[in-house]
Amino acid sequence: MSVETPPPKPVVVAIDGSDESVAALAWAAGRAAGAGERLRVVTSYQHPFPPTEVAGEYWRELLAAKRSARLRAEAAIADVLGHTDVDHVLHLGPVERVLVGMSRQASLLVVGSRPSTTWWSRLRGSIADRIKDAAVCPVVSVPIESSVAPQPVAA
Numbered sequence: 002m003s004v005e006t007p008p009p010k011p012v013v014v015a016i017d018g019s020d021e022s023v024a025a026l027a028w029a030a031g032r033a034a035g036a037g038e039r040l041r042v043v044t045s046y047q048h049p050f051p052p053t054e055v056a057g058e059y060w061r062e063l064l065a066a067k068r069s070a071r072l073r074a075e076a077a078i079a080d081v082l083g084h085t086d087v088d089h090v091l092h093l094g095p096v097e098r099v100l101v102g103m104s105r106q107a108s109l110l111v112v113g114s115r116p117s118t119t120w121w122s123r124l125r126g127s128i129a130d131r132i133k134d135a136a137v138c139p140v141v142s143v144p145i146e147s148s149v150a151p152q153p154v155a156a
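The sequence shown begins at 2 in my numbering and counts up one residue at a time.
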């Protein structure tokens, strides 16, 4: 009787098309390739408006938000990887909730980071800070301006 081993979990990177997420994607792609691991790119999106009373309008706006998120992410993926043939998933919901959920299926979560320049961003903290205690895998925060290899912020 043979026991099947589950496939290794992928490196999961969050991307929204921002410069910070592009840096995270570049780092995660290099890490995955160097370690022989799969790469999964995750894009979360939310409905930008409250529900409307007009029949069908809410659905059209939600689909437009999803399409916009997908197109921004695919453009960034193509810029970094030179192609879009990658495991890319879109999830509806706040990025923190999506990433914590994805951490159950990941060997590593990679996110971009930006400097905290406003009082609100300092108060709220970074995505990595907000997910590190709830994620069930290590979280790596990639600073956009750094050429130094980032270190995990949580295990």
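In this text, a Cβ means the ideal position worked out from N, Cα and C, and glycines have one as well.
Taking the alpha-carbon positions, what's the residue i to residue j distance?
i	j	result
PRO144	SER3	44 Å
VAL99	ASP86	22 Å
GLU5	GLY57	47 Å
ARG32	ARG61	38 Å
HIS48	VAL101	20 Å
In chain order, what residues of the same chain lie with their CB nearer than 6 Å to the CB of residue i, ignoring the 5 residues before and after it?
i	result
MET103	VAL13, VAL43
GLU97	ARG131, ILE132
HIS89	VAL42
ALA34	none
Closer than 7 Å by C-beta to residue i: which residues in its own chain qualify, once you throw out the five before and the five after it? Chain order, please.
i	result
ASP20	ILE145
ALA30	LEU40, VAL81, LEU82
GLU38	PRO9, PRO11, VAL12, SER108
TYR46	ALA66, LYS67, ALA70, LEU91, LEU93
GLY18	ARG73, ALA74, ALA76, ALA77
LEU63	HIS48
PRO7	none
Among the options, which has the Cα closest to the Cα of residue i?
i	options	result
THR27	ARG71, LEU93, SER127, VAL111	In the sequence under discussion, the amino acid at residue 27 is Ala, which differs from the Thr named in the question. Selected option, being the one with the closest Cα: VAL111.
ILE16	GLU75, VAL101, THR6	GLU75
SER22	PRO139, PRO7, ALA34, SER127	SER127
Please return the same chain residues whose Cβ sits closer than 8 Å to the Cβ of residue i, not counting the five positions on each side in sequence.
i	result
ALA24	GLY113, VAL143, PRO144, ILE145
Between residue i and residue j, which are expected to be in contact by the criterion C-beta below 8 Å, what is the C-beta distance as a whole number of angstroms?
i	j	result
VAL140	ALA129	5 Å
Run through the segment 70–129 for me and flag every whole beta strand (DSSP E) of 3 or more residues, listed as ranges in chain order. 88–93, 109–114
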